[in-house]
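Visitor:
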Amino acid sequence: MRRKTLFAATLAAAAVLGAGSATTGQAAAAASAPRGAVATFEGKKTDLSGGWGAAKACGVWQNSVNCFRTTAELDRKATQVYADRTAAGIRARCSSPLELGEHIDLRPNGRILRFYDRGSWQNLTRYNFNNKTSSYRTGACTAHLAENLGGEGNWYPGNTGPNHYERAMSSRWNDRVSSIKID
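Set out below in structure tokens:
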């Protein structure tokens, strides 16, 4: 009887230790995984949640994020991406992007983040842009700007219809947007 009890105790301990090491392995893998969007900047991959470095303009498409030192470089990339799209990809994209600016007037000394595709909520934490929007320009499509992740909470009360430029966010909305969606 004593042998059965000892064997059962050994099995239980092994199961607990095995589960612990699996959990530890999963935690280590999660800790090393990128927390934000992985962008290409000057040929190298970078996790935007850790900052943008020398990049000043980033574009977000369904399958990629690309960052550049200037908006002119981003414009050239957008032209190339649009030319390479299939008919289905073109329908998923607005003909001009939603552009978020880190400073008022979309000033060139601040960062610019552009979204080209419609359909789902984009959380700005992935791009190190959460609560950092001070100005915006909608593209040819209606956009929604929400104060919380996933479109939750209040939506920006100003004009977010097509082709609208908001030089400065309305009262109490500067640096308050956490997620966006393009219809």
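Residue numbers (mature numbering (1 follows the signal peptide of the UniProt record, and there is no 0)): -27 to -1, 1 to 156.
Each residue gets a CB set at the ideal place from its N, CA and C atoms; glycine is no exception.
Does the region 109 to 116 come close enough to the region 132 to 142 to have 3 or more Cβ pairs within less than 8 Å?
Guide: They touch, by the three-pair rule.
Visitor: Report the option in K50, A116, N121 whose CA atom is closest to the CA atom of residue 191.
Guide: Lying outside -27 to 156, the shown extent of the chain, residue 191 is not represented and no answer is given.
Visitor: Measuring alpha carbon to alpha carbon, tell me which of W128, N132, A45, S37 ends up nearest P81.
Guide: Minimum Cα distance to P81 is reached at A45.
Visitor: Look up V33 in the DSSP assignment and say whether it is helix, strand or coil.
Guide: Note: V33 maps to strand in three-state DSSP.
Visitor: Candidates V54, K105, W94: which alpha carbon is nearest L86's?
Guide: Looking at the Cα atoms, K105 is the closest of the given residues.
Visitor: What's the C-alpha gap between K18 and C114?
Guide: So the alpha carbons of these two residues sit roughly 30 Å apart.
Visitor: Our contact map puts V54 next to W25 with C-beta atoms below 8 Å; I'd like the distance itself, whole angstroms only.
Guide: Going by Cβ atoms, the distance from V54 to W25 rounds to 20 Å, so no, they are not a contact pair.
Visitor: Three-state secondary structure (DSSP) at K18?
Guide: DSSP places K18 in strand when its eight states are reduced to three.
Visitor: Which residues does DSSP pair with K105 in a beta bridge?
Guide: None, per the DSSP bridge assignment.
Visitor: Can you pull the DSSP bridge partners for L73?
Guide: L86, Y109, per the DSSP bridge assignment.
Visitor: Check the DSSP bridge columns for W128 and list the partner residues they point to.
Guide: For W128, which the question treats as bridged, DSSP gives the partners A119.
Visitor: Closest to residue 163 by C-alpha separation, out of S143, G9, L118, would be which residue?
Guide: Lying outside -27 to 156, the shown extent of the chain, residue 163 is not represented and no answer is given.
Visitor: In the structure shown, what three-state DSSP assignment does V54 receive?
Guide: Note: V54 maps to helix in three-state DSSP.
Visitor: Since I believe T43 is in contact with A51 (beta carbons under 8 Å), could you give me their beta-carbon distance rounded to a whole number of angstroms?
Guide: The pair is not a contact, with the Cβ atoms about 13 Å apart (cut-off 8 Å).
Visitor: For R152, report the span of its beta strand (DSSP E) as first-last.
Guide: It is worth fixing the name first, because residue 152 is Ser in this sequence and not Arg. Counting along the chain, the beta strand (DSSP E) containing S152 begins and ends at 152 to 155.
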